[in-house]
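As structure tokens, the structure follows; a few thoughts come after it.
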Amino acid sequence: MPANSDARIRHIYDRWHETINSHDLDGVMALYAEHAVLETPAILAMYPDKEEGILRGRGAIEQLFAINFEVLAREFRRLYRSGLFLSNGELPSWEYPRKTPTGDQVDLVESMDIENGLIVYHRVYWGWRGFKALKAAQAKRCA
Numbered sequence: 000m001p002a003n004s005d006a007r008i009r010h011i012y013d014r015w016h017e018t019i020n021s022h023d024l025d026g027v028m029a030l031y032a033e034h035a036v037l038e039t040p041a042i043l044a045m046y047p048d049k050e051e052g053i054l055r056g057r058g059a060i061e062q063l064f065a066i067n068f069e070v071l072a073r074e075f076r077r078l079y080r081s082g083l084f085l086s087n088g089e090l091p092s093w094e095y096p097r098k099t100p101t102g103d104q105v106d107l108v109e110s111m112d113i114e115n116g117l118i119v120y121h122r123v124y125w126g127w128r129g130f131k132a133l134k135a136a137q138a139k140r141c142a
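End of the sequence shown sits at 142 in numbering that gives the first Met the number 0; the numbers just go up one at a time, nothing left out.
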């Protein structure tokens, strides 16, 4: 099987959604390479002393997800996505849209670079509702 086959990309796409929705920290972290990089404004919301929204290394990423599962639990109680994603075989991207069949949710776009079946670079783009959730979480963490 090639380093990044359609099956491996589909695995990341499916497992990501399953583990995020179930708040399975070990499951999420099993998708990341040891040297992975995560880029998201959630870093600045959770770590107000940080100067950039970038974390390097699986250990640092794991700490952020542990905090996110606690602080943003309401926003991530059950994320909906359409089941569609784009991929060139190395970079899958998909949206968690604001509007869902059951109401509004935090809006995100996930984009990941995959090598050898693991996430090596992950970017998360937050929409307006997501931005407001991050601001509220930041206020909670700073209080």
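For each residue, glycine too, the CB sits at the ideal point set by N, CA and C.
All figures in this text were calculated on a predicted structure; none of them were measured in a lab.
First and last residue of the uninterrupted beta strand (DSSP E) at residue i
{"i": "ARG7", "result": "First-last for ARG7: 5–20, but that is the alpha helix (DSSP H), not the beta strand (DSSP E)."}
{"i": "ASP112", "result": "107–114"}
{"i": "LEU54", "result": "53–55"}
{"i": "SER92", "result": "91–95"}
Best match in the options for proximity to residue i [C-alpha to C-alpha]
{"i": "ASP112", "options": "GLY26, ALA35 and TYR95", "result": "ALA35"}
{"i": "SER110", "options": "GLY102, TYR124 and THR99", "result": "TYR124"}
{"i": "ALA138", "options": "TYR31, ALA41, ASP23 and LEU117", "result": "ALA41"}
{"i": "LEU30", "options": "ALA44, ASN20, GLY126 and HIS10", "result": "HIS10"}
{"i": "ALA135", "options": "GLU50, LEU71 and TRP15", "result": "LEU71"}
{"i": "ALA132", "options": "LEU63, MET45, GLU38 and ARG7", "result": "MET45"}
{"i": "TRP15", "options": "LEU117, PRO100, THR99 and ILE53", "result": "LEU117"}
{"i": "SER4", "options": "CYS141, GLU89, PRO47 and LEU43", "result": "GLU89"}
{"i": "ALA32", "options": "ASP48, SER86, GLU17 and ASN115", "result": "ASN115"}
{"i": "HIS121", "options": "PRO91, ALA6 and TRP127", "result": "PRO91"}
Element boundaries [alpha helix (DSSP H), containing residue i]
{"i": "ALA41", "result": "41–45"}
{"i": "LEU24", "result": "24–28"}
According to DSSP, residues forming a beta bridge with residue i
{"i": "TRP125", "result": "LEU107"}
{"i": "ILE146", "result": "The structure shown does not extend to residue 146, since the chain is modelled only from 0 through 142, so no value can be given for it."}
{"i": "LEU117", "result": "GLU114"}
{"i": "VAL36", "result": "ARG55 and TYR120"}
{"i": "LYS98", "result": "ASP103"}
{"i": "TYR31", "result": "ILE118"}
Whole-Å CB distance - residue i paired with residue j, under 8 Å assumed
{"i": "HIS22", "j": "PHE68", "result": "5 Å"}
{"i": "MET28", "j": "ARG57", "result": "6 Å"}
{"i": "ARG77", "j": "ASN20", "result": "6 Å"}
{"i": "GLU61", "j": "LEU24", "result": "7 Å"}
Where residue i falls, given that 16 or more other Cβ within 10 Å makes a residue buried
{"i": "ASP106", "result": "buried"}
{"i": "MET0", "result": "The predicted position of MET0 is uncertain, since its pLDDT is 39 and thus under 50; a value taken from the coordinates is nonetheless stated next. It counts as exposed."}
{"i": "THR101", "result": "exposed"}
{"i": "ARG140", "result": "exposed"}
{"i": "GLY82", "result": "exposed"}
Closer than 6 Å: residue i CB and nearest the ligand NAD heavy atom
{"i": "ARG77", "result": "By its list of ligands, the structure shown contains no ligand whatsoever, and the ligand NAD lies outside what it can speak to."}
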